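Single-structure report; data block below.
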Amino acid sequence: MTQSPVYDVVIIGGGPAGLTAGLYASRGRFSTLLIERGLFGGQIATTEHVENYPGFPNGISGMELGQFMMEQAEKFGLKTISAEASGIELQGGLKIVKTSEGDLVARTVIVAGGSQRQKMAVPGEEEFTGKGVSYCATCDAAFFQDQAVAVVGGGDSAISEALHLAKFASKVTLIHRRDELRATGILQERAFAEPRIQLLWDTTVESVEGKKFVEKLRVNNVKTGTKSAIEVSGVFVSIGFRPDTDYLRGILPLDSAGHIITNERMETDIPGIMAAGDIRHNSAKQAITAAGDGATAALSVERFLTESR
Amino acid sequence: MSKPTAINDVEFEQKVLKAGSPVVVDFWATWCQPCKMLAPVLDDLAEKYSGKIHFVKIDVDQNPKTPAKYNIMSIPTLLVFKNGQPVSHIVGFRPKEELRRNFDAVLG
């Protein structure tokens, strides 16, 4: 790759936080490049229906919302590329963002890389991925028409996945390690009202088993210690996310779970490096709060660039 | 211009199993967001591997036989065929670099 121009801002991550930061920075007339290694739109893009993002009284598909955010930012000059970040180096007043497509030189960086799906890390999970273990109910529900499936998790995304699966599967067992759901009230109401969804409380999955494909899950009741097996042809894992900051260890201050620590202006301890969205310590992990973080981070970038001029 | 060609269950044998070069088959559906995101990545790779690897895509909703035959239970799935046999099986969205490594390995 040829020598990178010096960008005013390089944004790592193309979810609501990064795209909103890109919108603000581009409108501020700063040269802005956003890199995304996977899906533009981020996690929200894989959500079937978003009904808690204000401005859409009938809800909106996550894919469309992500596309709208990207179009809006690009309209004001945001440049985007597909690349994966692998590090940030400080060189005088500049930052070098190491990526799969070469080094990028920037005056400021906004880290908005969000998080990755948490895996169960139990025997059989890797082996049966694509053979009954899935991380996307909207993608794969149709393959499980009239079959028994399980969803692991108790948050908003787990319940949304279970409700979607209930339209296809004969039975959906929702396996949750606690005795109450973390999901928001309205989703709980819908899950309890759906006869095909059955809840298995206080339960963790110990292994995924089968011959060529998933046939059963071995589960453990964490209160009684009782072990049992449930027969399913599919298991949808939705147990949350972990921040995508492995490549930032030793560069930015992180909390014990790996989230980036910032102040209320989204500034990290390193001048000119901001963080926004789910990757940040104490993030509410909502599309709308991520977007808010992105705007705040871009305004901090603007202040930084103006003051350091 | 060599973008992935849309094929159906009937054409599968001729266009994949009896093809002279390796073929990447993209199993996808309209409701699958990661599939839609993978499409431009494959468009780009189809261009890069033009003349070496042929790229096709099959809508699993319209063509249930082929995904059932190859036990596809998750999309997007990419199957890479060489001499009529699946030699590589890639589940889920993957960054371009990872796909490139995989395809290069198939070409050996």
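So the sequences go chain by chain: A and B.
This note's numbering puts the first residue of the first sequence at 363, with every later residue one more than the last.
This note's numbering puts the first residue of the second sequence at 35, with every later residue one more than the last.
A virtual CB, placed ideally from N, CA and C, is assigned to each residue, including glycine.
Predicted model only: the values in this text are computed from it and were never measured.
Any chain B beta carbon closer than 9 Å to residue i
i, result
"Leu401 (chain A)", "yes"
"Met482 (chain A)", "no"
"Met363 (chain A)", "The predicted model places Met363 (chain A) with a pLDDT of 48, which falls under 50 and marks its position as unreliable, so this point remains unresolved."
"Gly492 (chain A)", "yes"
"Met431 (chain A)", "no"
"Asp606 (chain A)", "no"
"Thr535 (chain A)", "no"
Beta carbon proximity, residue i to chain A, threshold 9 Å
i, result
"Glu131 (chain B)", "yes"
"Phe127 (chain B)", "yes"
"Thr100 (chain B)", "no"
"Asn42 (chain B)", "no"
"Ala161 (chain B)", "Nothing about residue 161 (chain B) can be read from this structure; chain B reaches only from 35 to 142."
Nearest-angstrom Cα separation, counted from residue j out to residue i
i, j, result
"Ala447 (chain A)", "Ala638 (chain A)", "16 Å"
"Glu556 (chain A)", "Val567 (chain A)", "23 Å"
"Ser122 (chain B)", "Pro419 (chain A)", "45 Å"
"Glu551 (chain A)", "Gly654 (chain A)", "29 Å"
"Leu661 (chain A)", "Asp608 (chain A)", "26 Å"
"Pro367 (chain A)", "Thr394 (chain A)", "11 Å"
"Met363 (chain A)", "Ala468 (chain A)", "Because Met363 (chain A) carries a pLDDT of 48, less than 50, the predicted location of this residue cannot be relied on, and the following value inherits that uncertainty. In a straight line, the C-alpha of Met363 (chain A) is about 16 Å away from that of Ala468 (chain A)."
"Leu616 (chain A)", "Gly602 (chain A)", "19 Å"
"Gln365 (chain A)", "Pro110 (chain B)", "35 Å"
"Leu610 (chain A)", "Thr630 (chain A)", "12 Å"
"Lys52 (chain B)", "Asn42 (chain B)", "15 Å"
"Arg389 (chain A)", "Lys103 (chain B)", "51 Å"
"Gly375 (chain A)", "Gly403 (chain A)", "9 Å"
Proximal residues to residue i (C-beta, below 8 Å), its chain only, five neighbours per side dropped
i, result
"Pro416 (chain A)", "Ile650"
Own chain residues within Cβ distance below 7 Å of residue i, not counting five before or after
i, result
"Gly516 (chain A)", "His538, Arg540, Leu543, Arg544, Ala545"
"Ile406 (chain A)", "Gly377, Pro378, Val412, Gly424, Leu427, Gly428, Ala649"
Proximity to residue i [Cα-Cα], best of the options
i, options, result
"Ala524 (chain A)", "A:Leu562, A:Gly492, A:Phe490, A:Gln405", "A:Leu562"
"Ala37 (chain B)", "B:Asn97, B:His88, B:Ile92, B:Met107", "Reading the sequence as shown, one finds Lys at residue 37 (chain B) and not Ala. The candidate whose alpha carbon is nearest that of Lys37 (chain B) is B:His88."
"Ser477 (chain A)", "A:Asp640, A:Leu667, A:Ala652", "A:Asp640"
"Ala445 (chain A)", "A:Thr668, A:Arg399, A:Val371", "A:Arg399"
"Phe46 (chain B)", "B:Ile92, B:Arg134, B:Asn136, B:Lys82", "B:Ile92"
"Ile443 (chain A)", "B:Arg135, B:Leu113, B:Cys66, B:Pro129", "B:Pro129"
"Ala531 (chain A)", "A:Phe506, A:Lys573, A:Glu433", "A:Phe506"
"Lys86 (chain B)", "B:Trp62, B:Pro68, B:Phe115, B:Asp95", "B:Phe115"
Any non-hydrogen atom of the ligand ATP closer than 8 Å to residue i Cβ
i, result
"Leu610 (chain A)", "For the ligand ATP, the structure offers nothing, since it holds no ligand at all."
Chain-order list of residues whose beta-carbon lies under 6 Å from that of residue i (same chain, five-residue window excluded)
i, result
"Thr382 (chain A)", "Ala653, Gly656, Ala657"
"Asp502 (chain A)", "Ser496"
At least 3 beta-carbon pairs within less than 8 Å: the segment 610-629 of chain A vs the segment 479-498 of chain A: no
Between the segment 503-521 of chain A and the segment 578-598 of chain A, can you find at least three pairs of beta-carbon atoms closer than 8 Å? yes
Three Cβ pairs or more, each shorter than 8 Å: is that satisfied between the segment 101-120 of chain B and the segment 489-503 of chain A? yes
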